[in-house]
């Protein structure tokens with residue numbers, strides 16, 4: 155009986171890890187979308203600048219969901235790895251865009 159209880163707890167823990175990863179990913183994605191909407195005109199300038207500077211990194215920038223990672227590039231990955239990579243992509247984009255916004259704000263004020 156202890157074996158079944160242990161197994162059941164392991165399954166529950168694994169599922170809650172998956173749920174947590176999904177939640178973190180969705181929150182980061184929503185933060186990115188909100189940031190784009192709030193700064194729409196600057197987002198387009200930034201996107202064009204990034205396409206010029208780092209075309210390989212941004213080859214998929216026009217796709218509606220850049221974090222849906224292509225299998226050719228990443229091979230088969232477990233779902234939580236796709237979530238982790240997607241989260242990292244959004245996180246990097248947010249940091250880079252916020253840095254750009256700060257620079258634009260500094261330039262326009264000073």
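In the numbering used here, the protein residues as written are 155 to 264.
Heads up, the beta-carbon is just placed ideally off N, CA and C, and yes, glycines get one too.
(1) I'd like to check one pair, residue 172 with residue 236: are the Cβ atoms closer than 8 Å?
(2) Among residues of its own chain, excluding the 5 on either side of residue 244, which ones have a beta-carbon nearer than 7 Å to its beta-carbon?
(3) Counting C-beta neighbours from all protein chains within 10 Å, is the total for residue 161 16 or more, i.e. buried, or is it exposed?
(4) Go through its chain and collect everything with a Cβ distance to residue 193's Cβ below 8 Å, but skip five positions before and after it.
(5) Could you give the DSSP three-state label for residue 192: helix, strand or coil?
(6) State the Cα-Cα distance for the pair residue 159 and residue 188, rounded to the nearest angstrom.
(7) Using the beta-carbon count (16 or more within 10 Å), is residue 199 buried or exposed?
(8) Tell me the residue span of the alpha helix (DSSP H) that contains residue 235.
(9) Whole-angstrom Cβ separation of residue 207 and residue 197, contact assumed at under 8 Å?
Quick answer:
(1) no
(2) 182, 183, 186 and 221
(3) exposed
(4) 251 and 255
(5) helix
(6) 43 Å
(7) exposed
(8) 233 to 263
(9) Contact doesn't hold; Cβ gap of about 15 Å is too wide.
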